[in-house]
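Q: Just dropping this structure here.
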Amino acid sequence: METKAVSFVAKSGTGKTTLLEKVIVNLKERGLRVGVIKHDAHRFDIDHPGKDSHRLTAAGADTMLISSPEKLAVVKKHRASPPIEELIATYFGDVDIVLTEGFKLSSMPKIELHRQERSQTLLCRGENYDATLIAIASDEALEVDVPVLDLNDPAQVAQFVVDYFKVQPSH
């Protein structure tokens, strides 16, 4: 069974992370197992100088995994970012739905966030027409060919995701 995934896309500063936090809480309240992938166009570091994991990575480890009774983290060096589909297949087989933040150029289904004060144009229905767009979460009425959700109603956005993907708790 293929893992169900949707990407939340928007221009920087639109509120992707804020909305996703609330959608995740709503989906968890429904008993769903939720995975999240955050795209970072910049360099990030979860290893910090002085920590053993940082020392091991700095020593040259290509893959370093740290595990505790509650969670694990993997630091894996690569030459190019793996395709999103590969990341989902490798790391998210145990969840009911994967939400991604970013990946606007991927072929995954997308929900675009639109905030009137942030931009007058849309990413997926502006100069470029993205056929993978399944909805827009907006704080203003829009005339578009996909459903328009209330950007300020994370429960409505979560319900749309559940209905669109027909996702149910796997346990």
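This note's numbering applies: residue 1 is where the sequence shown begins, and numbers increase by one. Ideal Cβ positions, reconstructed from N, Cα and C, are used throughout, including at glycine. None of the values given here were measured: they were computed from a predicted structure.
For residue 167, count neighbouring C-beta atoms within 10 Å of its own C-beta (all shown protein chains included) and say buried if the count is 16 or more, exposed if not.
A: buried
Q: Go ahead and label residue 25 buried or exposed: buried means 16 or more other beta carbons lie within 10 angstroms of its beta carbon, across all protein chains shown.
A: exposed
Q: Using 8 Å for Cβ pairs, my map puts residue 169 next to residue 160. What's the rounded Cβ distance?
A: Wrong, their Cβ atoms sit about 18 Å apart, outside the cutoff.
Q: Locate the alpha helix (DSSP H) running through residue 54, then write down its first and last residues.
A: 52–58
Q: Alpha carbon to alpha carbon, how far is residue 56 from residue 84?
A: 27 Å
Q: Take residue 15 as the anchor and find which of 94, 61 and 115 has the nearest alpha-carbon.
A: 115
Q: In the DSSP assignment, find the alpha helix (DSSP H) that holds residue 89 and state where it starts and stops.
A: 84–91
Q: Considering Cα atoms alone, identify which of 31, 136, 2 and 54 is closest to residue 76.
A: 54
Q: Determine, using beta carbons only, whether residue 36 and residue 109 come nearer to each other than 7 Å.
A: no
Q: Using the rule of at least 16 other Cβ atoms within 10 Å of the residue's Cβ for burial, across every protein chain shown, is residue 81 buried or exposed?
A: exposed
Q: If you drop the 5 nearest sequence neighbours on each side, which residues of the same chain put their C-beta closer than 6 Å to that of residue 165?
A: 4
Q: Excluding sequence positions up to five away, which residues of its chain have a Cβ less than 7 Å from the Cβ of residue 92?
A: 3, 35 and 98
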